[in-house]
Every structure is written in structure tokens, then in C-alpha cells.
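Shown next, in C-alpha cells, is the structure this report addresses.
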Amino acid sequence: MGWIDPTASCSACSRKQSPASTEEEKCKTARATIAELSCLNQNEKYNLEKENAPVVFIVSTTGDGEPPDNALQFVKRIKKKTLPNDHYKHLCYALLALGDTNYANFCNCGKTIERHLQELGAKQFYATGYADDGVGLEVVVDPWLEGLWKAIKAALSKMASDRTAPSKGDAGESPKETPDSYTPDVLLNLLSLGDHQNCESIKASVNTDSKYASAASSSASTTQTAVSDLRPASPAGSLGLASQSRGTASISTSAPETQTQDAGFPHLTLAGSLTCSLPPLSESSLNVPALPPPYLDVSLQDVGTMKQIVGQFNKETVHEVPIDRALQLTSGDSVKTALLLELDISAYPTMAYQPGDSFDVFCPNKATEVDGMLHRLGLQDQRNYHVHVSLKKDNKKKGAQVPSYIPQNISLLYLLTWCLEIRSVPKKAFLRALVEHTGDSVQRRRLQELCSKQGGADYNQYVRDPSLSVLELLTAFPSCQPPLSLLIEHLPKLQPRPYSAASSRLKHPGKLHFVFNVVEFPACSGRPAGRRGLCTGWLFDLINPGLVFPGKAECSGSLTLPKIHVSLRPNCSFRPPSDPLVPFIMVGPGTGVAPFIGFLQQRENERQENPEAVFGETWLFFGCRHRDRDYLFREELEGFVCSGTLSHLKVCFSRDDQEQEEGKEVAPSVSRPRYVQHNLLLNSQYVTEILLKQNGYLYVCGDAKNMAKDVNDTLIEMIKTELQVDQLEAMKTLAGLREQKRYLQDIWG
């Protein structure tokens, strides 16, 4: 059940009863469950049409929400219109979807498979997990796996009770009693999968690192790993982690003895923090992940004065363009600061973007943080040294390779500035590796807690949720002295940041506009002072001297703004309908309105060039906090309405009171729309008419975690009401719009 498989797999769990000589012994004998592991393209390994045991799917998403190669045929098969609605009515399933909110169509393959399984009658025995590689897959995967074993036991027990229930013909007979202890133990039996590389990688992963199986399970055979008993192992004194075998699935450590209360002193209430835990965690035995095997050798060489390069970019796709203008769109007292930047792309005809397209901005790590990392590693005097990275001889990491994003002949300063994401949130595997380089026993214990199964809540609260960086973590644990090689092994590539085009080339030839909020991370445990987002903070610092504020006139011949590196990122599906007669609806609160400004500028130009032509209706649902503080593009949007370019503009303000919003007294009983989904609901009849009867399009842009989900749920409710159908039928209808590419999203985490 290798959840780390980057492609797709499924596991079928079936009951295997141990031999026993008497009925009583059979009832007392521990039952075991074995899972047959197969990749989705190995049709000869499984048969869902006849499977009567629980099935677990683990799938990822590639490209623009597409299934991975080894899931294509399976997805195509379950999407056949000829299959009856009860085709999988016998099937009991759970699904773990892997994705990344940095990309569009998060976990779309998993959502597609689940939708069609349900349409074909399959029943879910455990809630679907959506793991996000953008913040660390383990954040969702670990608790999902922990709950999975209990869910499998419950499903198997229910199947057993269903099978032992008396039939109508045996109504007079009493069913045989089953002891309460009759609960199957769950075991994974990884059957031979041939030479399929992807499935072999899953098998190896489960055998050597089943994450949080108890330490006792490491004695299981290489084809069978016990994972049902996830309780902490009994305390056995202090255990030196460095001495543990790397092949061990997990390691049990016991808490150091601490005196919690002295006689004569009142009980003190202590507050937990990044570096301090509280009972029961501080007194618990821990299950920590297996130590990731080191696989890189890194050496620094003094080669004299090395020429410092700004950035090694592909000159065919990445262009250095000047910033022409920088405008602040929000007022000074707005909660968020939204900026509009205009880029001059006239020198690069290949950047012929279309409305709906995005582009990448390449930004460096913050110079002060790079300096801080150099000092923290004790390498400040070697910043200009040449970095040589190679594979360790006889390393134990499967498929190990030198990261492709680290060029040759670079300095240490360049490596930390342009190659590694030093702002990234350290994942649990990295924390586990840091334990080996931490001298202080208290700090070592705390790092063990943060990467353990038992410390999941603390990891979320003090590391993941506040987006704590590696440097901030190392600063909080001063006795941790990791080598440079460890950072290169665990830190991801410094990725460019994507932004939606907020303009049309038809209205602004040779120009490209984009809008962003300056992200703010507040101070927290482990971060004594707040900081800005990496790219948004860098852009803000670049343009701040020439920033034009609301209500201020732009000065001609003002300060020349710097250049930045950008690359076009086409989004061929998120485009206005090619047929101008087709109506479309846009939902974009906050900066999510950006691509729709391009949509409407293009439509306005088309109307001016073809004054006699007939165009379909256009709707925009926009929302913000306050009408007078963060109503982005207000004048332009209202101008679109006046010109007829925008047929309907529906705006809501979540923080303004009713009287302020409407300019008149309204009865307290009258509810008002606060968010875009509320306005959608108020206009349900028109929206469903456009989508279901006029073959219109719906575009959603903005926050994936809240807004996009709420809009999706609202659409389902609207379809249920307007068509008078049940939940499943409404979901099918909405899924049909997705498949027809008429319900499109450009969302981010």
C-alpha cells in the first residue's frame, strides 16, 4: 500500500484465516488481512468487476490535471458511457489522492476516479485523503494511513457479520455468536509484481519504510510488514538513534525522565512552543520515521575570485523584462496590500500571451536570509568557493542522482541564492535527519517529537501552519549542526512563482499586467519577527521607490524601475469561449479577478471592432472585504458594465455592514451576500440556465482551500434545487461540465 508511489496503484484487502482444529479455536485465532498490490495498468493482477474485498486506490495527478501514464487506460475504462449504474455496486473502496496546490487542478485524477466509481455504484468505506506536496504529503498521508487500518478492520468485520447474518430461510435459527475480540489484524502482503519499475518502487518503500509501524514490525519478513498496532512501544530507556539500522521501518524512543512538580511549589501551567513540548507528548514513547539514507558528497573548493552570476536561465524561454509601472490598488488601511505591475515585453514577440495565461517570475532567496544560512552553517568565509556535488559510493538510496537544478561551476553563494528553496517548510524526513546532527539531548528529543507520529499536532502547529523556514528552525535549535550535503538532499528546488495575466494584448500592446497581494507571515514561536512572502516581498522591495499610491498622479520621468526574469506559462484550457455567442460566468474574489480583466478587455476590443455582432452574456462575481479599501479594478469593472461588455456585475463585501454597503436602511432580518457563493445562490436560476441549457462556461479563479470548495459545494446545491435531483445526480451533472471543459478553475493554495 505504497502511498509514496508517484503514479498510481490499488490494493485489495482479503481475509486469510489461520488454520484451527476447533470452532472455538477459530473464533479465538487472530485473523490477518493481506493486501495485493498492483499498478492500475496491470489488469492481469486484479479484477474489480469481481472483487469483494475492500480496495484502496493511491493516485497522483500529472500535467493539467491528467492521470499518470499507468492510470490512463483505467480512467478511460471507468468513463465508458455503456457501463451500467450498478457496475461497481459490490465494490468497497478508499482513495488517497496525491497532488500539489502549486499547480492547477489539484488532485484531479483522484477526484475523477472517485467520481466515476461512485457513479457506477461503488461505496466508500473510508474518507478520501487529498495530500498536498506543496506543504508536505505526510501532513495528510500520516493521519490518513493511521485511520485506514481501523477502517479496513471495520469494513472486514462488517463483511463478516453480513456473511454470518441468518438468511430468510434460517429465520428460526440463532446466529452463531462471534466474540468481541473477533477483529482481524491487518497485514500487508506484497505479492510479486514482476519487473514493473513503478510498482517495485512501491514495494521497496513499504518494505523498508512503512513510516510508523511499531518497532516490533521490523522483524517481520521482507514480504510482510505489520502495521495494525500503532501504539507507542513500551519505554526501554534512552535509545541512541544513530545506532539504529537504516533498514528499520521505525524506531521507538522513550521520553527522558523529568520532575514535573516539587513539594512546596504550586503547580505551574507551561505553554508549549516550537522548542518545548508538554505532557502527554513530552512523556510519551515515540514512533519516528526511518532515517533517510544520505546519498550526496559535497566539497567546497577555493578557485580564487569566481565571477558571480545573477542567474543561469534558458534564454529561449526566460526573458529579462523591465517593470514600467507599479500601482497600489488598495488603500493604506486595507488588511492586504494589492499591487499591479506593468511589464514591457515589446522586445520579446514570443511572449504572445492570451487572456487566461499565466507566467512565471524568477526570484532569488532574500540576501539577508542567505547570509544567515551561511553563518548558521559556519560557511560565511567560503561563500565564493566552488561547490562540487556527487553521489556517495555505495549509497543506499534507490534511484539516487545529483539534483538536476544544481548547475556546474557555481559558488556556494549562488547555490543558496538561486537553486535551493531555503524558505521551504522542513518536512518530517528532514527533521528526522537533523536529529543525527543535534548535540543537545533536549533539543534532539524535541526534533524527534516533531517528526514522530505522536507529535503530528505539534508539527502542524509550530512548523507547517506558520510556514516555518529551515533557517528559522535551525536558529531555534542551536546545537543542530547539519552538513551542507544534508540541505542539498532535503531542500527542494527554488521554483519560479506563477501569476495570472491581468491584461489583454489587444488593449495593451507590448505590455503585460499582473496583480498580487504582498503576503505577510506574522511572528510566531520560532519566528520572532514577521516577514513577507519570498517573491511578493522581493517584488515589493524592488518597486517600492517608484510605487504609485491610490489617488496620486503618476509622475512623468519618474524613477526607472528594475528588470525581472519571466517566462510565459500558457493555459490552453482557461480561455474565453472561442464562440462569441456563448455566455460565460466568471467567479474571482480578491486578486482572483485578475485573469477576468484580460477576458473583459479582449471582449471589449472585439465589440469595438465588430459593433454589429451579437455577443453572449457575461457575468462576474467579485468579492472583497470593504468597498472603499480593496475593491480592485472598481472603475474599470464599472466601465465594462456601462459599455455593455460586462452584462452583470455581482459584488459583495464581507466586512462592510449592510447600511454602509447599500447606502440605505435595511431590515435586520434581511440577510445579505458576504461571499461570492452567496451571490451565486441568489442568482441560481440564471446561473444554472446558462450552464445547463445554454451550454455556457463557468470560470473560477482564486483560493483553492476555501473559496473554490465553497463555490463547488454551492453549485451542487443549486443544481439539486433547480433540477430537483439528489446529491449524487447533481455531482454527476457538475462532473459532466468539468469533462466538457465548461467548468474551469485556476486556483492556488
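Residue numbers (full-length UniProt numbering): 1 to 749.
Heads up, the beta-carbon is just placed ideally off N, CA and C, and yes, glycines get one too.
What you are looking at is a predicted structure, and each value in this text was computed from that prediction instead of being measured.
Among the options, which has the Cα closest to the Cα of residue i?
i           : options                : result
T62         : E49, A97, N47          : A97
N571        : T337, Q694, D360, D324 : D360
residue 753 : P280, G736, K705       : The requested residue 753 does not occur in the structure, where the chain is confined to residues 1 to 749.
S358        : W619, H87, F596        : F596
L471        : L547, P528, V389, V515 : P528
I543        : L343, Q382, A160, K493 : L343
L715        : P54, Q677, S285        : Q677
K396        : P292, Q408, D302, P509 : P292
L698        : L620, L581, G372, R629 : L620
N41         : Q694, A53, K76         : K76
residue 785 : D100, F57, K111, P67   : This structure cannot speak to residue 785, because the chain is shown only from 1 to 749.
Y462        : C276, G551, A429       : C276
H508        : T536, Q602, N287       : Q602
L379        : P482, R444, I690       : P482
Y126        : K552, T112, V55, K79   : V55
L48         : V387, D381, A155, I78  : I78
G455        : P426, H386, S500, L286 : L286
Y348        : K398, P84, V318, Q408  : V318
Between the beta-carbon of residue i and the beta-carbon of residue j, is there less than 8 Å?
i           : j    : result
F584        : P355 : no
P289        : C451 : yes
L646        : T618 : yes
H626        : R655 : yes
G526        : L473 : yes
W149        : K366 : no
G510        : I345 : yes
K392        : Y295 : yes
R569        : P492 : no
C535        : C363 : yes
L512        : A501 : yes
A730        : K741 : no
L681        : M718 : yes
S334        : D630 : yes
L156        : A122 : no
R383        : L412 : yes
G696        : V582 : yes
residue 755 : N85  : Residue 755 cannot be examined here, being either before or after the span of the chain that is shown, 1 to 749.
Y414        : D302 : no
Return the Cβ separation of residue i and residue j in integer angstroms, given the expectation that the two are a contact with Cβ distance under 8 Å.
i    : j    : result
L374 : L416 : 7 Å
C109 : A71  : 6 Å
S469 : I406 : Not confirmed; about 20 Å, so no contact.
V389 : K563 : That pair is no contact at about 30 Å.
G129 : V140 : 5 Å
Q632 : L327 : According to the sequence as given, residue 632 is Leu; it is not Gln. Not really, about 11 Å apart at Cβ, beyond 8 Å.
V593 : T337 : With a Cβ gap of about 16 Å, V593 and T337 do not count as contacting.
E606 : P580 : 6 Å
D142 : G99  : Their Cβ separation, rounded to whole angstroms, is 17 Å, which puts D142 and G99 out of contact at 8 Å.
A613 : R505 : About 20 Å; that fails the 8 Å criterion.
T101 : W748 : 6 Å
F430 : S467 : Their Cβ separation, rounded to whole angstroms, is 15 Å, which puts F430 and S467 out of contact at 8 Å.
Give the range of the alpha helix (DSSP H) segment to which residue i is assigned.
i           : result
residue 826 : Residue 826 is absent from the model: the chain starts at 1 and stops at 749.
H375        : 367-376
I716        : 707-723
S390        : Note, S390: premise wrong, no alpha helix (DSSP H); beta strand (DSSP E) at 386-391.
Y459        : 456-459
R738        : 727-739
H490        : 484-490
C524        : No alpha helix (DSSP H) holds C524; DSSP gives it neither H nor E.
A429        : 428-435
I410        : Where I410 is concerned, there is no enclosing alpha helix (DSSP H), given that its DSSP letter is neither H nor E.
G399        : Taken as a continuous stretch (DSSP letters only), G399 belongs to no alpha helix (DSSP H), as it is neither H nor E.
Along the chain, where does the beta strand (DSSP E) containing residue i start, and where does it finish?
i    : result
G623 : 618-624
K563 : 563-569
V687 : Careful: V687 lies outside any beta strand (DSSP E), inside the alpha helix (DSSP H) at 684-692.
N287 : 286-289
E51  : Here E51 belongs to no beta strand (DSSP E), and DSSP marks it neither H nor E.
M586 : 584-587
H648 : 648-653
E342 : 338-344
Any beta-carbon of chain B closer than 8 Å to the one on residue i?
i    : result
P570 : Of the protein chains in this structure there is only one, and it is not chain B.
Under 7 Å from any heavy atom of the ligand SAM, does the C-beta of residue i make it?
i    : result
P550 : This structure does not include the ligand SAM; it has no bound ligands of any sort.
Margin query: For the pair the stretch 476-488 and the stretch 432-449, tell me if three or more CB-CB distances fall below 8 Å.
Written below: The stretch 476-488 and the stretch 432-449 touch, with no fewer than 3 CB-CB distances between them shorter than 8 Å.
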